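Working notes for the structure below.
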Amino acid sequence: MLTVERASRITNRFGLGFTEDYVLRRIQNGELERALKPYNGVYNSSYGFGVSIESLAKLLLRHGITEKEINKVLPA
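Numbered per UniProt numbering, the sequence shown spans residues 1 to 76.
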């Protein structure tokens, strides 16, 4: 699980979306999956949910980002 803010920084890095609104729109459109936010360990988020790492990786792949580039920025 990634926070919405971190997912936004990752999409910004690849030039896809520059704001949290981009990530929120992708969740509403079904392109990204909402993930439950754990109750401990996540303090820097304004949202009560996160983004699935797998769905973010799929979104990046659809936009032509290579797996090697994705693996550099996504946690294992």
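Even for Gly, the Cβ is constructed at its ideal location relative to N, Cα and C.
In this text the structure is predicted, and so the values were computed from the model without any measurement.
query, result
"Residue(s) in a DSSP beta bridge with residue 78", "Examination of residue 78 is not possible in this model, given that the chain is present from 1 through 76 alone."
"Start and end residues, alpha helix (DSSP H) containing I70", "67 to 73"
"Where T19 falls: helix, strand or coil (DSSP)", "coil"
"Beta-bridge pairing of L2 - partner residues as DSSP gives them", "V51"
"Classification of A76 by the beta-carbon crowding that lies within 10 angstroms, buried from 16 upward", "exposed"
"Proximal residues to S55 (C-beta, below 7 Å), its chain only, five neighbours per side dropped", "L32, E33"
"Counted within 10 angstroms of its Cβ, other Cβ atoms place R13 as buried (16 or more) or exposed", "exposed"
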